[in-house]
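Visitor:
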Amino acid sequence: MDPSYTCIKEEFPTGINDSPSPPSSSTSSYLHSTSMAPNDPATLNSPQPIEGLHESGPPPFLTKTYDLVEDSRTNDVVSWSQDKKSFIVWDPQAFSMTLLPRFFKHNNFSSFVRQLNTYGFRKVNPDRWEFANKGFLRGQKHLLKKITRRRTNNNNQMQPPESSSQQQSLDNRCIEVGRYGLDGEWTA
């Protein structure tokens with residue numbers, strides 16, 4: 001028998017005398033389990049939680065888009081650019097009709113582009129549908145988790161990122177409150 005195992009008796013109520021009997025090979029009420037001594041090498045090498053286990057992965061939109069672009073079978077419709085830092089939709093109609101419904105719950109190209117914008121993608125070339133994001137690079141799918149969705153305000157419009165100078169100018173603005181267009185004076 002392995003010396004790192006010790007005997008542990010299953011304890012069941014037996015009445016007045018609950019003292020354990022010594023182990024014997026014929027008694028099946030003894031279980032063998034690993035020692036739990038704090039300095040035991042078996043305890044020191046016990047499994048540890050996986051690093052990042054509770055971290056959330058990238059949003060499904062990003063992983064689906066990455067897989068769509070990465071798939072070499074779709075290169076005639078959508079593919080990586082030459083420098084592998086952006087992707088190009090070569091045929092928006094075929095993209096909308098065949099690929100979008102396969103990966104998403106719609107076939108609307110403008111909705112796809114709007115979603116790209118919410119994740120900070122920018123259009124690279126005004127003459128074609130080429131999009132880039134610093135966290136969306138070929139061969140570096142692990143960077144997708146660094147791409148975050150922009151927050152929206154209460155009117156469901158996109159909030160552009162504000163610099164500190166923009167924030168200061170917004171803090172110093174004045175709003176006039178009053179009644180306008182009345183013929184006479186208004187008194188409180």
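UniProt numbering puts the first residue of the sequence shown at 1, with every later residue one more than the last.
Built from N, CA and C at the ideal position, the CB exists for glycine as well.
Just to confirm my understanding: we take PHE109, look at its own chain, exclude 5 residues before and 5 after, and list those with CB closer than 6 Å. What are they?
Guide: Result list for PHE109: PRO92 and SER96, in chain order.
Visitor: What is the residue span of the beta strand (DSSP E) that GLN125 lies within?
Guide: Here the sequence assigns Asn to residue 125, which means Gln is not the residue at that position. Residues 122–125.
Visitor: Can you tell me the Cα-Cα spacing of ARG138 and SER72, whole angstroms?
Guide: Taking the straight line joining both Cα atoms gives about 12 Å.
Visitor: Can you name the start and end residues of the beta strand (DSSP E) that VAL89 belongs to?
Guide: From DSSP, the beta strand (DSSP E) with VAL89 extends over 86–89.
Visitor: Where GLY135 and ARG149 are concerned, what is the direct C-alpha to C-alpha distance, given to the nearest angstrom?
Guide: Cα-Cα distance, rounded: 12 Å.
Visitor: Considering only the beta carbon of each residue, do residue 189 and LYS84 sit closer than 8 Å?
Guide: Lying before the first or after the last residue shown, residue 189 is absent from the chain, which here runs from 1 to 188.
Visitor: Report the residue from LYS105, VAL78, PHE87 and PHE104 whose alpha carbon sits nearest the alpha carbon of ALA94.
Guide: Of the listed residues, the one whose Cα sits closest to ALA94 is VAL78.
Visitor: Since SER79 is in the beta strand (DSSP E), which residue starts that stretch and which ends it?
Guide: Here the beta strand (DSSP E) through SER79 covers 78–80.
Visitor: When burial is assigned at 16 or more other CB atoms within 10 Å of the CB, is residue 196 buried or exposed?
Guide: An answer regarding residue 196 cannot be provided, because it is not within the stretch 1 to 188 covered by the chain.
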